[in-house]
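2 protein chains.
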Amino acid sequence: MDPLDDAALDQLFRTARTHNHWLDKPVTDETIRKIYDTMKFGPTSANTTPARFVFVRSETAKARLRTALAPGNVEKTMSAPLTVIIAYDLRFYEKLPKLFPHSPAMRDLFAANPQLVETTARRNSSLQGAYFMIAARAMGLDCGPLSGFDNAKVDEIFFAAGRECEGCDQEFFPEGHVRSNFLCNLGYGDPAKLFPRSPRLEFAEACTFL
Amino acid sequence: MDPLDDAALDQLFRTARTHNHWLDKPVTDETIRKIYDTMKFGPTSANTTPARFVFVRSETAKARLRTALAPGNVEKTMSAPLTVIIAYDLRFYEKLPKLFPHSPAMRDLFAANPQLVETTARRNSSLQGAYFMIAARAMGLDCGPLSGFDNAKVDEIFFAAGRECEGCDQEFFPEGHVRSNFLCNLGYGDPAKLFPRSPRLEFAEACTFL
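Listed in order, the protein sequences are those of chains P and E.
Per the working numbering, the very first residue in the first sequence carries number 1; after that it's consecutive.
Per the working numbering, the very first residue in the second sequence carries number 1001; after that it's consecutive.
Structure representation (structure tokens):
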């Protein structure tokens, strides 16, 4: 496999930026589905794929999300075409008979070990959140991830009890076993409103060969 | 920004696979540095970039790693050209004066809140681990991530006390504040040895619009 060209590396990483100001251009359902149908193939531990994605777009849902945001994150989130709640399902293991069919014991291993479930769900939903953002950039979108919000409040508002789950054939919302990980605003960023990029660690500050 | 073409989406996600069998082709230092210099731009909370990467390549280091692996992960790891320990530094905030220079208060906010440090380090080093894998695939490499190992043992062996840190100008190893997150074997995978890909969740099983 050849390396991707410079333009692709730039679009995914090198010149891509976190955006806080958005052009007046909507994000279509079709684009969201394309992102999911790309990022879903990213690797997770025992193919657990514990991430769940809530696409907050309606005014009503945005207003509910607003109450959980840190003050500095309100404006950028309310003005974004769409905000994704990257969440994780603590009962992800119930889907392992489908996702990991060659090893039926895996479901029971997780079911018997809540600490392993928690660690696995957090780590792998974070991986999947990263896959989501890179896939969104691959589709030409910009991302504005943030963790400055009240996770417990988001969980209470969006995941706690009896909520309708539009388009879901699996009722994971009503039972309160989904937890928020982080948020990501999504849209087409306004490059004119970017501030200069902050530094990164040099190779030798973050890496070593042994 | 236009979407990347199908070949790029395939290479990064759609036809990329987790590999357990490796071609006899080394991974050069130059390639590793290119991957780091690409993935380092991926977004993290307050630009904290808490991930640290140990590239385990020498026979000695591989032999030490072996003792911490789950039995099912020994062969694929020992035969990989290189294994990356994706770790996180619990004192990442000491680098914020460099990484987040416009807000000196951020360092103190983290320094005063160990729970926030732990959550931030785990979440963001997982994001960075995902960026690393996608950047590796972008360079034409294959990945074999795994979490079936004894984290405490890896931390004891590689991060606990007085270890030499080759090429590091920041002595983060000796003080015991670096923890392993997950491992990733790296190399050029043998496509002939892949098993069929496992299923993924449908959009409606993992996603909802609100």
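Glycine included, every Cβ here is placed at the ideal spot set by N, Cα and C.
If you're wondering where the values come from, they're calculated on a predicted model, not measured in any experiment.
Asked                                                                                                                                                                    : Found
When you compare only the Cα positions, how much space is there between E:D1169 and P:D10?                                                                               : Bear in mind that the predicted position of E:D1169 carries a pLDDT of just 40, short of 50, making it too unreliable to give a figure here.
Assuming contact is defined by CB atoms lying nearer than 7 Å, are P:A68 and P:N185 in contact in what I supplied?                                                       : no
In the structure shown, what three-state DSSP assignment does P:P3 receive?                                                                                              : coil
Provide the residue span of the alpha helix (DSSP H) that contains P:V74, from first to last.                                                                            : 74-78
Just how far apart, CA to CA, sit P:A8 and E:T1028?                                                                                                                      : 22 Å
Does the separation of the CB atoms of P:S126 and E:R1123 fall below 7 Å?                                                                                                : yes
With three or more beta-carbon pairs closer than 8 Å as the criterion, would you say the segment 1093-1100 of chain E touches the segment 197-205 of chain P?            : yes
Would you report the Cα separation of E:G1140 and E:A1112, rounded to the nearest angstrom?                                                                              : 42 Å
Which of the three DSSP states, helix, strand or coil, is assigned to E:Y942?                                                                                            : Examination of residue 942 of chain E is not possible in this model, given that chain E is present from 1001 through 1210 alone.
Can you list, in chain order, the residues of its chain with a C-beta nearer than 8 Å to that of P:T31? Leave out the 5 residues immediately preceding and following it. : M139, L141
Within 10 Å of its beta-carbon, does P:C207 have 16 or more other beta-carbons around it, so buried, or fewer, so exposed?                                               : buried
Going along the chain, which residues of the segment 188-204 of chain P sit with their C-beta nearer than 9 Å to a C-beta in chain E?                                    : Y188, F195, R197, S198, P199, R200, L201, E202, F203, A204
Within the 7 Å Cβ cut-off, does P:V56 reach chain E?                                                                                                                     : yes
Under a three-way DSSP split, which group does P:G129 fall into?                                                                                                         : helix
Less than 6 Å between the CB of P:K34 and some heavy atom of the ligand MN, yes or no?                                                                                   : The ligand MN is not part of the structure shown, which contains no ligands of any sort.
Can you tell me which of the three DSSP states E:A1152 falls into?                                                                                                       : helix
Suppose contacts are defined by Cβ-Cβ distances below 7 Å. Is E:A1051 in contact with E:G1148 by that definition?                                                        : no
Taking Cβ positions only, does E:E1171 come closer than 7 Å to chain P?                                                                                                  : For E:E1171, the predicted model reports a pLDDT of 42, less than 50, meaning its position is unreliable and no value from the coordinates is stated.
At a CB distance below 7 Å, what residues from the segment 70-85 of chain P approach chain E? Give them in sequence order.                                               : none
Can you find a CB in chain P that lies within less than 7 Å of the CB of E:K1040?                                                                                        : yes
Please check if any C-beta of chain E sits within less than 7 Å of the C-beta of P:C207.                                                                                 : yes
Can you grab the Cα-Cα spacing for the pair P:K62 / E:D1108, in whole Å?                                                                                                 : 32 Å
Using CA atoms only, rank isn't needed, just tell me which of P:R66, P:F195, P:V84 is closest to P:F211.                                                                 : A query on residue 211 of chain P cannot be resolved here, the shown segment of chain P reaching from 1 to 210 and no further.
Examine chain P for any beta-carbon lying closer than 7 Å to the beta-carbon of E:P1026, and answer yes or no.                                                           : no
Look at the alpha carbon of E:F1013 and the alpha carbon of P:M39, and state the distance between them as a whole number of angstroms.                                   : 6 Å
Can you give the Cα-Cα distance for P:R137 and E:F1203, rounded to whole angstroms?                                                                                      : 19 Å
Under 8 Å Cβ-Cβ, which residues of chain P neighbour E:Y1036?                                                                                                            : F203, A206, C207
Can you find a C-beta in chain B that's less than 7 Å from the C-beta of P:K98?                                                                                          : The question asks about chain B, but that chain is absent: this structure's protein chains are P and E.
Select from P:G144, P:M133, P:V178, P:I134 the residue whose C-alpha is nearest the C-alpha of P:K153.                                                                   : P:V178
Kindly list, in the order they appear in chain E, the residues whose Cβ is closer than 7 Å to that of P:Y88.                                                             : Per Cβ cutoff of 7 Å: no residues; P:Y88 is ~11 Å from chain E at best.
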